[in-house]
Amino acid sequence: MSEEGALTDLLAAEHAAIYGYGVLGARLDDKTRELALRACDAHRSSRNVLDTALRARSLTPPTTAASYDVVVTGRADALQLAQRIETDLGVLWRDLVGTTDDPALRALGAKGLQASAVQVVVWRRVAHLRPLTEAFPGQASPR
Amino acid sequence: MQPSRRQLLSGAAVGLAAACTPDKPVAKTPSKDDRLREEAAIREEALLRLYAAALIAFPALTAELQPLQAQHVEHRTALGAQPLPSAITRADPRLLGRTPAEARRNLAALEKGTADGHAAAVPSAGRPLAQVLASLSACEAAHAEALR
């Protein structure tokens, strides 16, 4: 995978994440929805950074789809989706680190992976799941 | 006068640097990655030692701390490092504080500092090691969050 491919995949995933959070937020109580809103804000920032990085490389950034195939029937679903959004993004951030020798992109990847791993803890805590953490965030599960 | 936590931690780090070596004996000049791996292993050892001290001083924290400690053992293995000889396995208890709450705060602070230390090495490592360090950094950040 190239660094451009990794950046493109990340931006597409951030668009989907923002959409997903919008849908799942509606299934949460007010207090928990606050967490979703905060996470969504962070994803909007990441989206902007990735968009800029792609344009700086004279690439056309992918735009957001009109809708995504996301179904959330209740609170448990919502929390599960939130966690999956973050773990999926974590894999892509770690991928980015491995595709590039650009120190700025490496740092961006590490920061993104950190943020997603922290957010996973937040969602697992809300869902009363244990353990809260995993040893190697972003490492794709073996098939 | 009591040594400060900073003095205890830096003294501990020097001791670790002397004692902690990666798995493979270095027959040639260590590469940059070798050096980065060793430094990361030293950071993980410092955490392992503090967890060991916390588990002895505050056994009520066992259920919470043991999974976190176990993940640091996995980190050390991934870096190709061996456990230190059994004589030097736990940190100075003064680094922990006097209560479980203080201990959790001090563990969280060391996790955060270690996350930063690993992250700082990511831009200059070879690609595979950079990915490992990014995961370790993210794990430490997640631990800090878990300990809030």
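First to last, the sequence lines map onto chains R and Y. Number 14 in our numbering belongs to position 14 of the first sequence; there are no gaps in the numbering. Throughout, our numbering is defined as the position within the second sequence, counted from one, plus 143. Here a beta-carbon is modelled for each residue, glycine too, at the ideal position from N, C-alpha and C.
How would you label residue i, buried or exposed, when you count the other beta carbons within 10 angstroms and need 16 or more for buried?
i	result
R:Lys31	exposed
Y:Leu279	buried
Y:Glu181	buried
R:Arg143	Only weak support is given to the placement of R:Arg143: the predicted model assigns it a pLDDT of 45, under 50, and the value that follows is read from those uncertain coordinates. The residue in question, R:Arg143, is exposed, as its Cβ has fewer than 16 Cβ neighbours within 10 Å.
R:Gly20	buried
R:Thr100	buried
R:Ser45	exposed
R:Gly5	exposed
R:His128	exposed
R:Gly227	As displayed, chain R neither begins before 1 nor continues past 143, which places residue 227 of chain R out of reach and without an answer.
Y:Glu245	exposed
R:Lys111	buried
Just to confirm, are residue i and residue j a CB contact at a threshold of 7 Å?
i	j	result
Y:Leu191	Y:His215	yes
R:Ala36	R:Gly25	yes
Y:Ala184	Y:Leu211	no
R:Val120	R:Thr87	yes
R:Val72	R:Ala78	yes
Y:His286	R:Thr133	yes
Y:Ala258	Y:Glu283	yes
R:Pro137	R:Ala115	no
Y:Pro236	Y:Ala195	no
R:Gly98	Y:Arg270	yes
R:Asp59	R:Gly90	The displayed chain sequence assigns Leu, not Asp, to residue 59 of chain R. It is not a contact, given that the beta carbons lie outside the stated cut-off.
List the residues of chain Y that residue i touches, going by C-beta distances under 9 Å, in chain order.
i	result
R:Gly74	The premise fails here: R:Gly74 is roughly 26 Å from chain Y at the closest Cβ pair, so nothing lies under 9 Å.
R:Arg94	Gln274, Ala277, Ser278 and Ala281
R:Gly25	What R:Gly25 touches in chain Y: nothing, since even the nearest Cβ is about 21 Å away.
By the criterion of Cβ-Cβ separation under 7 Å, what are the contact partners of residue i in chain R?
i	result
Y:Pro266	Pro103, Arg106 and Ala107
Y:Gln214	Thr133 and Ala135
Y:Glu181	Residues of chain R passing the Cβ test: none, with the nearest at roughly 19 Å.
Identify the contact partners of residue i in chain Y, using a Cβ-Cβ distance below 7 Å as the criterion.
i	result
R:Arg117	Strictly speaking, residue 117 of chain R in this sequence is Ala, with Arg absent from that position. Ordered by position in chain Y, the residues that pass the 7 Å Cβ test against R:Ala117 are Ala281, Cys282, Ala284 and Ala285.
Can you pull the chain R neighbours of residue i, defined as C-beta to C-beta under 9 Å?
i	result
Y:Ala258	Gln114
Y:Ala224	Result: empty, since nearest Cβ-Cβ is about 15 Å, beyond 9 Å.
Handout entry: Short-range partners of chain R found in the region 183–212 of chain Y, where Cβ spacing is below 8 Å
Key = For the region 183–212 of chain Y, the residues whose beta carbon sits under 8 Å from a beta carbon of chain R are, in order, Pro210 and Leu211.
Exercise for the section: Determine which residues of the region 120–139 of chain R have a Cβ less than 8 Å from any Cβ of chain Y, and write them out in chain order. Expected result: Listed in sequence order: Val120, Val121, Val122, Arg125, Arg130, Pro131, Leu132, Thr133, Glu134, Ala135, Phe136, Pro137, Gly138 and Gln139.
Handout entry: Members of the region 235–253 of chain Y near chain R, C-beta cut-off 9 Å
Key = Within the region 235–253 of chain Y, no residue places its CB atom closer than 9 Å to a CB of chain R.
Handout entry: Within 8 Å of chain Y by C-beta, residues of the region 57–71 of chain R in sequence order
Key = Listed in sequence order: no entries.
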